Amino acid sequence: MKRAVLCQKKLEALCQILIIQIKLACVSYYKKQKVMNFFRKIWIQNDQSS
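The opening position of the sequence shown corresponds to residue 35 in my numbering, with each subsequent residue numbered one higher.
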């Protein structure tokens with residue numbers, strides 16, 4: 035019985051770590067997209083002005 039509880043605790047901990055990792059990945063991806071869009075706008079403006 036104790037082993038099962040221990041196993042569940044480990045699984046819960048792993049799940050929380052995974053959730054945090056996924057959140058961090060999403061945030062960094064979102065930030066990258068914003069930066070890329072920002073630079074794209076600048077490049078488009080530069081192309082039009084030249």
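Even for Gly, the Cβ is constructed at its ideal location relative to N, Cα and C. Just so we're clear, the structure is a prediction, and the values are computed from it rather than from any experiment.
Quiz item: When the Cα atoms are used, what is the spatial distance from L52 to S62?
Solution: 15 Å
Practice problem: Please report how far the alpha carbon of I78 lies from the alpha carbon of N71, in whole angstroms. | Solution: 10 Å
Quiz item: For Q82, which residues of its own chain have a beta-carbon under 7 Å away from its beta-carbon, when the five flanking residues on both sides are left out?
Solution: none
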